[in-house]
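The sequence shown maps to residues 1060 to 1164 in this note's numbering. Every residue, glycine too, gets a C-beta built ideally from N, C-alpha and C. In this text, all values refer to a predicted model and were calculated from it rather than measured experimentally. Written below as structure tokens is the structure these notes are about.
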Amino acid sequence: MNKLFKILLTIFSSFFISFSAFAGGHYTGPDLTGQKVVMFGPWLSPEDDNMREVGAIFEKATGATFEYGGSDSFEQQVMIDLKAGSAADLVVFPQPGLAANAAAM
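Written as structure tokens, this is what we have:
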């Protein structure tokens, strides 16, 4: 697998595995105070409100700051960001083909 794809998969998996801790109502992971997690995806208002709500829970549980940014030109922007090495910490690919294209870079 492409190194970038492995990194993105690891980050994405870690992000969602950490949310399983919220099921019991108690987060037992590391204190992330002072850290910032940036997520980029295709959702705009009002759909992005859901991501911001999840981010608020993540912030409360971990101490980290969560930022979500969406774009109506997500498909183009994510490829530009990946090529430039400036992609968000977490990128939500709504289409498997786009994720495959990113992994092939």
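{"Check": "Relative to the alpha-carbon of R1129, which residue among T1092, E1106, P1101 has its alpha-carbon at the smallest distance?", "Outcome": "Checking the sequence, you will find Gly at residue 1129 rather than Arg. When each option's Cα is compared against that of G1129, the closest is P1101."}
{"Check": "Please identify the residue among I1139, A1159, G1093 whose C-alpha is closest to the C-alpha of T1124.", "Outcome": "G1093"}
{"Check": "Given a cut-off of 8 Å on the beta-carbon distance, is the pair V1113 and D1148 in contact?", "Outcome": "no"}
{"Check": "Just verifying my parser: in three-state terms, what is the DSSP assignment at A1113?", "Outcome": "Note on residue identity: the sequence assigns Val, not Ala, to residue 1113. V1113: helix per DSSP, three-state reduction."}
{"Check": "Classify M1060 as helix, strand or coil using the three-state DSSP reduction.", "Outcome": "At M1060, the pLDDT of 49 sits below 50, so the modelled position is not reliable and the matter cannot be decided from this model."}
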